[in-house]
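Residues in the sequence shown are numbered consecutively from 4, following the numbering used here.
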Amino acid sequence: MSTPTVLFKPEHCPRTDCHYHRYPLGWRWQRWGFYSRDAAPRRIQRFRCGHCLHTFSRQTFDPTYWLKRPGFLREGFQRLVACSCFRQIARGLGCSHTTLMRQCSRLARHALLYLRQHAPQGPLAEHVVLDGFEGYAYSQYHPCYLNLVVGSVSHYVHAFTESELRRKGSMTAAQRRRRARIEHRVGRPDPKAIEKASEAALRIAVPEPQHVVVHSDDHHAYPRALNRMVGWSFTHHVTASKQARTAHNPLFPVNRLDLLTRHSSANHKRETIAFSKSRQGVIDRAAILMLWLNFVKPFSERRGGGTPAMRLGLRQRPETVRSLLRERLFPSLVALPAPWQDYYWRAVPTRELARGRPHTLKLAT
Ligand SMILES: [Zn+2]
């Protein structure tokens with residue numbers, strides 16, 4: 004929802020082809036009337052850039068730009084992290100589930116930009132835990148893995164990446180035959196997917212070479228992922244995955260995150276029909292959840308303990324969903340790392356789906 008329009012001053016031109024989009028020093032603009040709309044606030048201030056002469060409005064700088072019912076965005080965010088599925092949320096809001104899915108994508112894009120823009124700067128000041136969360140997209144024959152880098156002390160999710168996996172574990176003979184038929188038709192995932200995606204996650208979490216203490220389980224991909232990072236040095240502590248998952252386990256931060264992910268995300272509930280139908284759907288909901296866990300949710304619901312962002316010194320107090328959605332973020336002004344660029348532009352393919360819906364709009368970022 005917009006803040007009062009009369010007080011708002013734009014900080015840069017919203018048009019990416021204008022010089023004053025990236026370099027707002029000395030930018031001149033003028034107020035350019037109003038327009039009215041059905042949703043509150045009904046009167047929206049318009050502006051005109053003194054350089055490129057394009058007009059824009061207060062809404063251009065609000066995450067709810069172009070939405071007929073802007074209140075949906077905040078409400079949808081709250082319910083997406085409250086373990087509801089799209090159709091349940093849409094029924095509550097009185098909209099179609101496809102409307103909600105589009106807003107979920109918009110929220111995910113905002114979440115990626117926010118996580119990047121507000122990421123901790125400088126050398127990493129804590130140990131990290133590297134682990135993965137296994138889910139699936141489209142069907143259980145298409146497992147996927149969220150590779151997570153979580154702060155040992157703060158529990159801040161420094162990075163996540165997604166990789167697709169081959170179905171494994173115990174299967175009946177019929178299930179093996181079906182897997183073979185599917186793989187014959189759509190191909191097999193890269194066997195090094197976890198190794199590569201773990202490396203990508205570490206590079207997002209620790210962009211500059213430094214010494215890092217990493218805790219992980221005994222998955223064979225992790226030492227290989229660390230070896231791929233030339234210039235960084237690591238102390239790698241391995242904890243057997245069979246060890247009791249208590250608060251004293253060195254992997255507690257990711258074990259807790261796994262628990263919260265299943266508790267908060269309808270698509271990762273056990274035996275659910277709300278599972279994600281595409282890999283992009285897994286990524287979108289993960290981005291929103293990580294943003295909420297890092298900046299809004301206190302460590303303990305009963306005892307407080309601050310949000311991970313507060314524990315890391317990034318914030319003095321918890322953010323709210325309203326404050327996270329106060330200002331629109333522009334992808335042209337936030338440098339997203341390589342895999343997150345694909346996540347932002349919806350370029351992650353799902354094998355069984357002929358084509359996804361890439362995000363190609365020029366003004367609606
Ligand atoms: Zn301009």
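Where is the CB? At the ideal position from N, CA and C, for every residue including glycine.
Should residue i and residue j be called a contact, given that it needs their Cβ atoms to be closer than 9 Å?
i: residue 46; j: residue 324; result: no
i: residue 363; j: residue 343; result: no
i: residue 220; j: residue 244; result: yes
i: residue 299; j: residue 263; result: no
i: residue 30; j: residue 23; result: yes
i: residue 233; j: residue 127; result: no
i: residue 118; j: residue 148; result: no
i: residue 121; j: residue 312; result: yes
i: residue 276; j: residue 88; result: yes
i: residue 204; j: residue 152; result: yes
i: residue 197; j: residue 177; result: no
Helix, strand or coil for residue i, going by three-state DSSP, please let me know.
i: residue 248; result: coil
i: residue 157; result: coil
i: residue 42; result: coil
i: residue 213; result: coil
i: residue 178; result: helix
i: residue 113; result: helix
i: residue 77; result: helix
i: residue 105; result: helix
i: residue 84; result: coil
i: residue 35; result: strand
i: residue 20; result: coil
i: residue 1; result: Any property of residue 1 remains undetermined from this structure, which presents the chain solely from 4 to 368.
i: residue 362; result: coil
When every heavy atom of ligand 1 is checked, does at least one fall within less than 8 Å of the C-beta of residue i?
i: residue 23; result: yes
i: residue 18; result: yes
i: residue 57; result: yes
i: residue 52; result: yes
Between the options, which has its C-alpha nearest residue i's C-alpha?
i: residue 166; options: 176, 135 and 156; result: 135
i: residue 383; options: 183, 240 and 206; result: Missing from the structure shown is residue 383; the chain here goes from 4 to 368 and no further.
i: residue 272; options: 223, 26 and 288; result: 288
i: residue 356; options: 290, 283 and 334; result: 283
i: residue 371; options: 317, 223 and 285; result: Because residue 371 is not part of the residues shown, which for the chain are 4 to 368, the question remains open.
i: residue 32; options: 139, 112 and 14; result: 14
i: residue 162; options: 268, 207, 170 and 192; result: 207
i: residue 104; options: 68, 281 and 345; result: 281
Open item on the list: Quick test of the definition: if touching needs 3 or more C-beta pairs under 8 Å, does the stretch 154–162 touch the stretch 245–260?
Closed with: yes
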